[in-house]
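Protein chains in written order, with the working numbering: chain X, 2 to 576; chain W, 271 to 414.
Shown next as structure tokens:
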């Protein structure tokens, strides 16, 4: 440890801190501690004058360590690290004591105890900063190739975006064709343009682009490495032969694996699978694509009922809204009315969610084509039963209609169940392979739901489309392009900068037991067969510290979270 | 003067430390006895940190991490969870009361839960009275 010259800055945060914590007393107390060259208390340390104070003290007093007792390091650690850098010392020679979020704001009633605690936390930071070491960021090459998982509209769009910018793309699709769920759809709401046309445009451009390698019948089997330098193993199935495995070197990955429709037979009393003309929305799309709306008997239906929210917005199945079904149902009313003008269409819904651009107009237009709208309660599902011999229809649907407050019975020959979206059954497996998280419903989790919706907590792994949550085509396309845009920005930079915080193995202490190799969630620790020692690949390490705590020889050092630093902190808080 | 327990908290950066910050921004009040040390992941917590804290005078140690399944590093919290019973067994063999050392899951959105856990822990440790570890060690040293 070099001769420490520590500057300690106690922020008042206006009155946020100083109203509860006696900042002056804290400053006075720490100024007497060994190695503390200067201690100051100031109104707003994060303000320009506050930061300049640090810069000036570093330069004039020769400080080589800085402690700022202020807000949470999650708030301003970067600010004060930058101030250190400007002052001319390594940014990691700075430590914060959280005396606002975890002190003044939560101990309003006890000023004395809050001050005592603030002093203990500042003391711990001073203790810790003595053991801080200068750390430098690493740089690594950025491989310009991207792996896109999923050949639906999201994957196609992202792949095209990257390829058009001149970068190689591997587009991996599990099935034997591209297009995903969109390939199963006839027209799209609300403008009634054909899904086939949307897809054809993408597919033609894709085939014309030499930068895209399409891999059908293929699945990701393994992914190792780190941002800029991933190694992906992809298995391709060809008929009855054993799957062929290929290793691809890629810089980034876009996960666009899409959704699966809700299994309608799970709601037993709708009779799906038992009553022949109770069908799902996707089965109806098939009819529309074939251009024949007909019952199992071959006759056209006289009465069609469309039931919304099948599997969505329900306590037993999925609590969320699937977002596209309401507009799709209105689209069906349109398509049925234009093919069979005499057919009666009823739309049985919970709430009409017409939230998107052009949707409200579309809803209005649908009301004009003589569709009967019936509203049912979330927990009072309509009941479908077979009609009697005297009825002119096949089935009768009973609805507790909310707007009229009456129990209404409507005739139906065909019932279309608007099945919602759900996460694919293999979503958990995909998440594990690329090291991202999925929420309780199986949707992949964004780095930040509002500010960073296509990145994940793993660098270089992006998510787009309906594998993140139910969404419509415009949102899916926007996300796919956003994900591609994020990657393009990184490729343009050429190199990636990696934080200087990672684990390192002291080879003199390492016994070669390899316990850490297995423990590392990022496969960042490799075993050198010649030296019989393990070592860390810094760029792959995320600095969680699992290996540091587990190493039986104490051979692994967690930079910036060393044992020494933590012991010093423990001593500091208890002093 | 009445006895005020000293509690050291080891919180993971991504869930629990953020949750503790949220308690602050939400102005949820809890006893001032806890002193938090931030680590990136509960998997970083070497059991000797806990022993060291007790030896240096802590009356209780609270470890908080992400809920199972939510770990930022996928499964660091499971590693902490598996180490924990071994640590507890060791502490028990030294006669350290069970309630002095606790492992809890607090997510980034659970400011209230963090405050509740700290309040509960503080009251329980207060009920146990001061830990004898630090004093015993001092006596041992003197006798040696």
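Beta carbons: idealized from backbone N, C-alpha and C, even for Gly. Computed from a prediction, not measured in an experiment: that's the story for all the values here.
Reduced DSSP category for residue i - H, G, I as helix; E, B as strand; rest coil
| i | result |
| --- | --- |
| residue 352 of chain W | helix |
| residue 410 of chain W | helix |
| residue 404 of chain W | helix |
| residue 378 of chain X | coil |
| residue 58 of chain X | helix |
| residue 176 of chain X | coil |
| residue 625 of chain X | One cannot answer for residue 625 of chain X here, as it falls past the ends of chain X, which runs 2 to 576. |
| residue 303 of chain X | coil |
| residue 285 of chain X | helix |
| residue 536 of chain X | strand |
| residue 189 of chain X | strand |
| residue 135 of chain X | coil |
| residue 319 of chain X | coil |
| residue 370 of chain W | helix |
| residue 430 of chain X | helix |
| residue 146 of chain X | coil |
| residue 512 of chain X | coil |
Check whether residue i and residue j have beta carbons under 8 Å apart
| i | j | result |
| --- | --- | --- |
| residue 501 of chain X | residue 198 of chain X | no |
| residue 550 of chain X | residue 521 of chain X | no |
| residue 217 of chain X | residue 174 of chain X | yes |
| residue 311 of chain W | residue 342 of chain W | yes |
| residue 306 of chain X | residue 398 of chain X | yes |
| residue 165 of chain X | residue 310 of chain X | no |
| residue 360 of chain X | residue 322 of chain X | no |
| residue 129 of chain X | residue 480 of chain X | no |
| residue 511 of chain X | residue 553 of chain X | no |
| residue 179 of chain X | residue 170 of chain X | no |
| residue 160 of chain X | residue 172 of chain X | yes |
| residue 153 of chain X | residue 236 of chain X | no |
| residue 400 of chain X | residue 417 of chain X | no |
| residue 323 of chain W | residue 401 of chain W | no |
| residue 64 of chain X | residue 100 of chain X | no |
| residue 352 of chain X | residue 334 of chain X | no |
| residue 93 of chain X | residue 55 of chain X | no |
| residue 576 of chain X | residue 84 of chain X | no |
Distance cut-off 7 Å: residue i Cβ against heavy atoms of the ligand HEM
| i | result |
| --- | --- |
| residue 218 of chain X | Here there are no bound small molecules, and the ligand HEM is not part of this structure. |
Buried or exposed by the 16-neighbour rule on C-beta atoms within 10 Å, applied to residue i
| i | result |
| --- | --- |
| residue 73 of chain X | buried |
| residue 353 of chain W | buried |
| residue 408 of chain W | exposed |
| residue 496 of chain X | exposed |
| residue 531 of chain X | exposed |
| residue 334 of chain W | buried |
| residue 104 of chain X | buried |
| residue 40 of chain X | buried |
| residue 540 of chain X | buried |
| residue 507 of chain X | exposed |
| residue 316 of chain X | exposed |
| residue 187 of chain X | buried |
| residue 211 of chain X | exposed |
| residue 319 of chain X | buried |
| residue 25 of chain X | exposed |
| residue 245 of chain X | exposed |
| residue 471 of chain X | buried |
| residue 302 of chain X | buried |
Beta bridge counterpart(s) of residue i as assigned by DSSP
| i | result |
| --- | --- |
| residue 330 of chain W | W:277 |
| residue 100 of chain X | Per DSSP, none; premise fails for residue 100 of chain X. |
| residue 241 of chain X | DSSP lists no partner for residue 241 of chain X. |
| residue 220 of chain X | X:236 |
| residue 353 of chain X | None, per the DSSP bridge assignment. |
| residue 252 of chain X | Beta-bridge pairing links residue 252 of chain X to no other residue. |
| residue 41 of chain X | X:10 |
| residue 445 of chain X | X:439 |
| residue 107 of chain X | Note: residue 107 of chain X sits in no beta bridge, so no partner. |
| residue 397 of chain X | X:386, X:412 |
Near-chain X residues of the stretch 293-310 of chain W - C-beta to any C-beta below 9 Å: 293, 294, 295, 296, 297, 298, 299, 300, 301, 302, 303, 304, 305, 306, 307, 308, 309, 310
Short-range partners of chain X found in the stretch 371-404 of chain W, where Cβ spacing is below 8 Å: 385
Within 7 Å of chain X by C-beta, residues of the stretch 345-364 of chain W in sequence order: 345, 346, 349
Members of the stretch 264-280 of chain X near chain W, C-beta cut-off 8 Å: none
Interface positions of the stretch 95-112 of chain X facing chain W (Cβ-Cβ less than 9 Å), listed along the chain: 99, 101, 102, 103, 104, 105, 106, 107, 108, 109, 110, 111
Residues of the stretch 329-343 of chain W with Cβ closer than 9 Å to any Cβ of chain X, in chain order: 339, 340, 341, 342, 343
Cβ-based contacts, 8 Å cut-off: residues of the stretch 535-556 of chain X near chain W: 543, 544, 545, 546, 547, 549, 550, 551
Near-chain W residues of the stretch 454-476 of chain X - C-beta to any C-beta below 8 Å: 458
Residues, ordered as in the chain, of the stretch 517-530 of chain X that lie near chain W by beta-carbon distance below 9 Å: 520, 522, 523
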